[in-house]
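Numbering (the working numbering), first residue to last: 52 to 423. Heads up, the thing below is written out as structure tokens.
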């Protein structure tokens, strides 16, 4: 057994989901090595918990959606929800030879499948302990502009880092966001203002996503004003989008444009909530610096924030509901044009670095101190 597999499995079961004796765990394995699935089964059992396994394949998934029939996913959602209701925890490891496998599938077919499966997602997110991560593949290495070997080394270093180093800074940022009212985001291609009053904030340091490193809140639904052009590329529903420009009026995306413009607006028209924002989060993982069209990595980029059309999380909720939850990333480090974040008029972060004393432990110099 590769020691990287056992180390990662231990992190997911002991730290991320903190499994207890006799808890039931669904391991959702998407196109990953059998050895990693076995490592997870063993790690679950070492915690005294009970493993269940579902194996999935991207090409088969595409075929099912491409030929979606009446009631097909509604029936699937019914039995998947019944199974999820028996689980205490959920661990998903997702590999893919081609991140664009769903490219070309009609957006309305993807929307029908997502809408039908939403009750399963909602239950899993709100009622179980869960963690999700990607699996390193040659395709991901290509996205990151790295060799396969170099990317695997990067992947395991990032995913198994000591997330406890983030704890004090995350708590301080969570406290500030929970107490804040007005937020202003500024930069060369960003001028946004909104309120997060009474929404609350959640610190994420390896308990739901791996890799991790963010604190999220949510705008008051109708409060967002201004515009932004996101400087990180994004992939959603198997399609790629660059330089997405959004303009907001009274909280709603009044105008959206970018590459793949027709598909962009089709997604934002999926339902009534898709043109409102369901999440605002600040990212600070010191080992992730460049976008690679993989949101679990890109939304944690040091010096970034993400703004999310669609569904709000119940832990920091503005009431917005949608089948869409599309994290769009903007990087504010100097090489990306810089930028500032203000809470109630106070400068919190400038050009990607936190400036207040209580938050400086989230800057890379501190988080990587002694790291080899």
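In this text, a Cβ means the ideal position worked out from N, Cα and C, and glycines have one as well. The model shown is predicted, which means the values in this text are computed figures rather than measured ones.
Report buried or exposed for residue i, applying the criterion of at least 16 other Cβ atoms within 10 angstroms of its Cβ.
| i | result |
| --- | --- |
| residue 381 | buried |
| residue 182 | buried |
| residue 35 | In the structure as shown, the chain starts at 52 and stops at 423, and residue 35 therefore has no counterpart that could be examined. |
| residue 285 | buried |
| residue 212 | buried |
| residue 308 | exposed |
| residue 187 | buried |
| residue 155 | exposed |
| residue 159 | exposed |
Considering only C-alpha positions, which residue in the set the options is nearest to residue i?
| i | options | result |
| --- | --- | --- |
| residue 134 | 178, 159, 93 and 94 | 178 |
| residue 107 | 126, 138, 283 and 147 | 147 |
| residue 87 | 96, 65 and 52 | 52 |
| residue 276 | 298, 410 and 255 | 298 |
| residue 61 | 199, 307, 388 and 97 | 97 |
| residue 101 | 118, 128 and 64 | 64 |
| residue 247 | 269, 420 and 328 | 269 |
| residue 302 | 358, 171, 254 and 239 | 358 |
| residue 424 | 415, 221, 75 and 144 | There is no way to answer for residue 424, as the model of the chain reaches only from 52 to 423. |
| residue 329 | 369, 388 and 346 | 369 |
| residue 193 | 266, 345 and 67 | 345 |
| residue 167 | 360, 127 and 80 | 127 |
| residue 122 | 164, 136 and 151 | 164 |
| residue 294 | 241, 67 and 114 | 241 |
| residue 361 | 244, 374 and 354 | 374 |
Straight-line CA distance for residue i to residue j?
| i | j | result |
| --- | --- | --- |
| residue 396 | residue 413 | 21 Å |
| residue 318 | residue 109 | 21 Å |
| residue 351 | residue 215 | 16 Å |
| residue 225 | residue 405 | 14 Å |
| residue 162 | residue 400 | 37 Å |
| residue 195 | residue 342 | 7 Å |
| residue 71 | residue 94 | 12 Å |
| residue 250 | residue 218 | 21 Å |
| residue 265 | residue 324 | 24 Å |
| residue 237 | residue 221 | 22 Å |
| residue 244 | residue 150 | 33 Å |
Shorter than 7 Å, the distance from the beta carbon of residue i to the closest heavy atom of the ligand NAP, or not?
| i | result |
| --- | --- |
| residue 76 | Absent from the structure shown: the ligand NAP. Ligands present: none. |
Measure the CB-CB distance between residue i and residue j and report whether it falls below 8 Å.
| i | j | result |
| --- | --- | --- |
| residue 234 | residue 393 | yes |
| residue 132 | residue 171 | yes |
| residue 271 | residue 367 | no |
| residue 310 | residue 335 | no |
| residue 314 | residue 290 | yes |
| residue 75 | residue 139 | yes |
| residue 73 | residue 99 | yes |
| residue 347 | residue 184 | yes |
Inside the segment 123-189 only - alpha helix (DSSP H) runs reaching at least 4 residues: The DSSP assignment places 123-135 and 158-178 as complete runs of the alpha helix (DSSP H) inside the segment 123-189, in order along the chain (cut-off: 4 residues).
Ranges of the beta strand (DSSP E) found wholly within the segment 320-347, counting only runs of at least 3: You should have 328-334.
Whole beta strand (DSSP E) elements within the segment 64-97, 3-residue minimum: Qualifying beta strand (DSSP E) stretches, in chain order: 75-81.
Contained alpha helix (DSSP H) runs [length at least 4] in the segment 239-268, N- to C-terminal order: Taking 4 residues as the minimum length, the segment 239-268 contains no alpha helix (DSSP H) run wholly inside it.
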